[in-house]
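In the UniProt record's numbering, the protein residues as written are 1 to 526.
All C-beta atoms, glycine included, are put in the ideal place defined by N, C-alpha and C.
Here is the structure we will look at, set down as structure tokens.
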């Protein structure tokens with residue numbers, strides 16, 4: 001037990017209280033050789049959490065400690081300065097850690113140990129991919145408290161680039177881990193670190209520095225993921241402008257900024273602004289990285305998503321397929337990015353009525369995401385939603401409903417009650433109820449989704465046209481024609497402005513409005 005450590009230390013000193021513990025510790029410390037003292041001081045830098053010995057070895061190597069770690073570890077355990085939890089995991093008591101940190105400051109190599117510890121933790125952060133799998137989450141879990149220690153306590157001993165890497169690693173971990181009703185959402189856990197990273201880089205370098213641009217970009221990505229588009233946009237633009245000024249126009253970081261700003265514009269339905277940025281980012285990446293690179297696959301996928309949103313299916317399909325092939329070749333057939341490509345290609349097929357091609361891809365993407373990312377992950381919710389949408393179009397309502405409810409509950413839990421994806425789930429569940437004639441259940445969900453989209457996305461977003469059209473259809477079938485018509489008119493105006501007059505969604509809304517007016521015309525002639 002950890003309590004035994006202090007108890008045994010107290011036995012070595014007759015005097016009681018805090019001074020007795022410190023005196024007993026000093027007696028123990030004086031019995032240690034210098035190598036054991038250095039190891040103990042290094043261990044004091046770790047958080048008050050289980051310490052994987054592999055992390056200690058990495059930190060010792062980065063600190064150039066060239067002695068037998070295991071032999072000195074045994075001495076520390078024997079003297080009750082270190083507790084063995086398992087064969088490869090150790091922990092230090094809080095009070096002993098405080099005393100060791102005092103000794104650390106007296107050590108000539110203190111700075112070297114601090115820098116080595118930070119370097120080892122940053123190396124862990126850089127190994128966490130953008131979309132970590134369950135396996136990668138499990139591998140990183142024990143390291144996270146110690147990585148957090150770097151970002152909160154040891155900032156003075158870490159380069160700015162490494163600080164950003166540490167913060168991004170933490171963000172990726174918590175996003176991949178998800179959350180439940182008993183803890184903060186991943187976003188709430190990560191936001192303070194991203195804001196802190198931006199403050200730290202600005203304090204060190206002012207406004208004109210690549211690291212400041214990186215911190216701005218990362219915070220914008222976080223806002224973007226939460227649907228906080230108005231807050232994300234100025235940060236993306238500022239990051240892009242800094243990178244263009246300080247780096248070459250064809251630098252990979254400039255391509256990243258162009259891509260991210262285009263993603264934001266697509267999310268806002270600003271397709272004409274997004275397209276040239278996507279194309280520019282793709283051209284830069286191809287020129288710098290070659291035709292076969294993960295970043296090129298990302299650009300191809302994103303440009304395809306844009307074309308898909310605009311109903312330009314013949315242009316989107318070859319890009320989706322090319323991105324999928326690159327990802328399979330470079331990342332293997334079982335990877336989160338491959339699942340994303342399968343999902344997107346399936347949605348394209350679904351939009352074209354190619355259900356037989358869409359369904360197996362949607363199922364494959366869902367199964368892959370569950371296996372790699374776990375049952376509770378935003379990407380899993382997306383797959384559940386998309387498969388349910390297909391089932392609804394096929395009138396397989398009993399199969400669609402539990403998937404839609406599961407996706408809605410997951411999104412609320414992981415993303416919060418007020419998020420664009422939650423609005424999408426509400427809209428889709430309402431559409432299912434509408435298809436089944438369950439109007440009393442559909443109407444409040446349609447209204448809730450419409451209000452949420454208006455608040456989060458603005459009144460001119462393509463999703464607003466979808467919500468207005470859906471609510472108008474419900475009113476039309478209920479004979480509430482005077483309520484339906486203004487909604488159809490507003491939906492059509494948005495669709496024609498944002499999607500173009502010949503987009504499939506625009507055509508559908510126009511036909512719905514014409515049907516209503518034709519009925520009114522027939523009714524007035526009777």
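Beta carbon of residue i nearer than 8 angstroms to that of residue j
i	j	result
residue 92	residue 44	yes
residue 124	residue 147	yes
residue 305	residue 245	no
residue 227	residue 462	no
residue 528	residue 303	Because the chain in this structure spans residues 1 to 526, residue 528 falls outside the shown range and cannot be described.
residue 365	residue 343	yes
residue 210	residue 257	no
residue 450	residue 468	yes
residue 262	residue 281	yes
residue 259	residue 299	yes
residue 495	residue 503	yes
residue 509	residue 471	no
residue 512	residue 454	no
residue 339	residue 362	no
residue 77	residue 122	no
residue 73	residue 129	no
residue 163	residue 97	no
residue 167	residue 193	yes
For residue j and residue i, the rounded distance between their alpha carbons
i	j	result
residue 104	residue 154	14 angstroms
residue 376	residue 400	18 angstroms
residue 514	residue 465	16 angstroms
residue 483	residue 393	26 angstroms
residue 177	residue 225	15 angstroms
residue 370	residue 36	46 angstroms
residue 284	residue 452	37 angstroms
residue 13	residue 80	Because residue 13 sits at a pLDDT of 46, beneath the cut-off of 50, its placement in the model cannot be relied upon, and the following sentence gives the value as read from the coordinates. Their Cα atoms are separated by approximately 15 angstroms.
residue 358	residue 398	19 angstroms
residue 412	residue 378	10 angstroms
residue 488	residue 516	9 angstroms
residue 158	residue 242	23 angstroms
residue 120	residue 66	16 angstroms
residue 506	residue 287	37 angstroms
residue 46	residue 55	9 angstroms
residue 317	residue 145	44 angstroms
residue 311	residue 190	36 angstroms
residue 389	residue 349	13 angstroms
Bridge-paired residues (DSSP) for residue i
i	result
residue 86	89
residue 52	89
Where residue i falls: helix, strand or coil (DSSP)
i	result
residue 68	coil
residue 207	coil
residue 443	helix
residue 416	coil
residue 461	coil
residue 131	coil
residue 176	helix
residue 31	coil
residue 344	helix
residue 385	helix
residue 454	helix
residue 498	helix
residue 47	coil
residue 249	coil
residue 169	helix
residue 158	coil
residue 335	coil
residue 108	coil
residue 375	coil
residue 142	coil
residue 116	helix
Near the ligand COA: residue i beta-carbon under 7 angstroms from a heavy atom
i	result
residue 67	This structure simply doesn't include the ligand COA, nor any ligand for that matter.
Is the segment 190-199 close to the segment 411-427, with three or more CB pairs under 8 angstroms?
Counting Cβ pairs under 8 angstroms, fewer than three are found: no touch.
Please confirm if the segment 113-122 is in contact with the segment 55-72, defined as three or more CB-CB distances below 8 angstroms between the two stretches.
Inter-segment contact for the segment 113-122 and the segment 55-72 is present: three or more beta-carbon pairs are separated by less than 8 angstroms.
Does the segment 230-247 come into contact with the segment 206-222, if we say contact requires no fewer than three beta-carbon pairs (one atom in each stretch) closer than 8 angstroms?
Yes, they touch.
Between the segment 39-53 and the segment 124-135, can you find at least three pairs of beta-carbon atoms closer than 8 angstroms?
Result no; under three Cβ-Cβ pairs closer than 8 angstroms.
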